[in-house]
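To start, the structure itself, in structure tokens.
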Amino acid sequence: MNPYVLTILLSSLGLGTTLTFASSHWLLAWMGLEINTLAITPLMAQHHHPRAVEATTKYFLTQATAAAMILFASTTNAWMTGEWSINDMSNPIASTMFMAALALKIGLAPVHFWMPEVLQGLDLLTGLILSTWQKLAPFALIIQTAQNIDPLLLTLLGITSTLVGGWGGLNQTQLRKILAYSSIAHMGWMIIVIQYAPQLTLIALGTYIIMTSAAFLTLKMSLTTKISTLATTWSKNPTLASTTALVLLSLGGLPPLTGFMPKWMILQELAKQDLPIIATTMALTALISLYFYLRLCYAMTLTISPNTTNATTPWRTQTTQTLLPLALFVTATLGLLPVTPTILMLTT
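Right, here's the structure in full:
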């Protein structure tokens with residue numbers, strides 16, 4: 001892609017998100033979301049592959065549907081209350097419709113069906129933008145309006161997303177689809193606690209972005225998109241293979257790693273709010289997700305791939321990827337747990 005065009009598209013992505021962050025008026029927030037969608041569409045279709053074009057079409061249709069629902073919900077709210085301000089979402093029908101639209105935007109279950117299919121059709125770097133940056137603007141709106149949304153709806157969305165994210169990833173062989181289901185499960189963790197402690201949602205979102213970036217960049221470095229090619233990583237770069245395994249375990253939320261921090265805090269908050277059944281359900285769904293991360297680790301580090309392979313040998317090709325972002329994200333993914341008290345002190 002032409003570097004000038006790429007610069008304009010990436011700037012538009014930043015502009016759209018910033019516009020939504022800064023807005024207190026519904027139309028401005030909606031405009032930011034639209035700029036975001038229109039900026040990422042050419043990035044998704046840049047390889048002109050039929051799968052990429054199909055993924056772009058699916059993404060555009062779902063995002064356009066969600067944007068139309070947001071516009072309709074905000075117009076309904078303005079019609080009922082006479083207010084266009086984001087903080088005055090007092091009409092229950094409008095707020096429920098609005099939450100459904102934003103759930104569709106970020107891929108929460110049960111409106112998650114587009115997410116694995118779209119991510120599967122993209123290359124890893126565009127998939128990384130879709131899984132991280134594109135979540136920021138809708139989450140800013142959800143956090144601003146969470147107190148006006150029915151708590152039961154938020155709880156149901158959270159539990160359904162963690163369950164679907166766990167169950168959906170079990171049977172997959174494509175790494176991008178597994179990361180999509182992982183994203184759905186993490187979104188569920190953020191939504192479940194948003195009504196009680198929005199700062200924990202922000203911590204969970206931050207750690208999710210760090211861990212997902214590390215996962216996508218390590219996979220990009222080893223040029224793998226399937227579990228079968230993941231098994232050949234050790235022969236190219238044993239250090240990278242062990243690092244990738246640790247990053248995946250961090251995504252699963254194992255204690256010595258960064259991924260344990262948000263889960264631990266969220267379970268603690270749910271227990272404080274006297275919701276032991278919900279906390280137990282969330283902990284059990286985390287175990288389902290952990291299983292498919294362990295499956296990836298097993299395939300990558302504990303199995304030897306066949307010596308005769310019909311595919312192109314991916315470990316022979318040299319990568320031109322910059323190593324600094326990968327190193328930074330991996331370090332943050334593996335080592336932020338000891339600074340948990342500092343993070344808690346800064347956010348409360």
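Note that the UniProt record's numbering has the sequence shown beginning at 1, numbered continuously upward.
Every residue, glycine too, gets a C-beta built ideally from N, C-alpha and C.
With contacts defined by Cβ atoms closer than 7 Å, Ala109 and Thr20 do not form a contacting pair. For Glu54, the CB contacts under 7 Å within the same chain, skipping 5 residues up- and downstream, are Gly121 in chain order. Beta-bridge pairing by DSSP links Lys226 to Gln174.
By the neighbour-count criterion, in which 16 or more other beta carbons inside 10 Å mark a residue as buried, Met221 falls on the buried side. For Pro50, the enclosing alpha helix (DSSP H) starts and ends at Pro50 to Thr81.
When secondary structure is reduced to three states using DSSP, His25 falls in the strand class. Of the residues assessed, Thr201 falls on the buried side of the cut-off, its CB having 16 or more other CB atoms within 10 angstroms. With a cutoff of 7 Å on beta-carbon distance, Ile227 and Thr173 are scored as near each other.
In this structure, the beta-carbon distance from Gly188 to Thr207 does not fall below 7 Å.
DSSP, reduced to helix, strand and coil, places Ser242 within a helical segment of the structure shown.
Under the DSSP assignment, Gly335 falls in the alpha helix (DSSP H) whose first and last residues are Leu323 to Gly335.
For Ile277, the number of other beta carbons within 10 angstroms of its own is below 16, and it is reported as exposed. Rounded to whole angstroms, Pro92 and Leu251 show a C-alpha spacing of 35 Å.
Beta-bridge pairing by DSSP links Ser85 to His25. Ranked by Cα distance from Trp167, the options Ala286, Ala45, Leu128 and Ile266 are led by Ala286. Around Ile142, the same chain offers Leu102 as residues with beta carbons nearer than 6 Å, after the five sequence neighbours per side are excluded.
Ser12 is the residue among Trp30, Ile70, Ala231 and Ser12 whose C-alpha sits nearest the C-alpha of Pro42. By the Cβ neighbour-count rule, Leu324 is exposed, with fewer than 16 other Cβ atoms within 10 Å of its own.
Pairing Thr81 with Ala214, the inter-Cα distance amounts to about 45 Å. By the C-beta density criterion, Trp30 is buried, having at least 16 other C-beta atoms within 10 angstroms.
Taken in chain order, the whole beta strand (DSSP E) runs of length 3 or more contained in the region 163-208 number zero.
Nearest Cα to Leu175 within the set Phe139, Gly127 and Gly158: Gly127. Annotation for Ala109: no alpha helix (DSSP H) segment contains it, and DSSP assigns it neither H nor E. Collapsing the DSSP output to three states places Met282 in a helix. Rounded to the nearest whole angstrom, the CA to CA distance from Leu170 to Leu249 is 15 Å. In this chain, the alpha helix (DSSP H) harbouring Ile343 covers Thr340 to Thr347. In this structure, DSSP gives Thr233 a helical state, which the three-state scheme calls helix. With respect to Val193, Ile288 sits apart: the two C-beta atoms are not nearer than 7 Å. Comparing alpha-carbon positions, the option among Ile159, Ile40 and Ala140 lying closest to Leu130 turns out to be Ile40. Non-local C-beta neighbours of Gly107 in its own chain, meaning closer than 8 Å and more than five positions away in sequence, comprise Trp114, Met115, Ala180, Ser183, Ile184 and Met187, ordered along the chain. Under the three-state reduction of DSSP output, Leu275 falls in the coil class, being neither helix nor strand.
For Leu284, the closest alpha carbon among the candidates Thr348, Thr160, Leu223 and Ala327 is that of Thr160. Between the alpha carbons of Thr212 and Thr258 lies a distance of about 12 Å. In this structure, the beta-carbon distance from Lys177 to Val118 does not fall below 7 Å.
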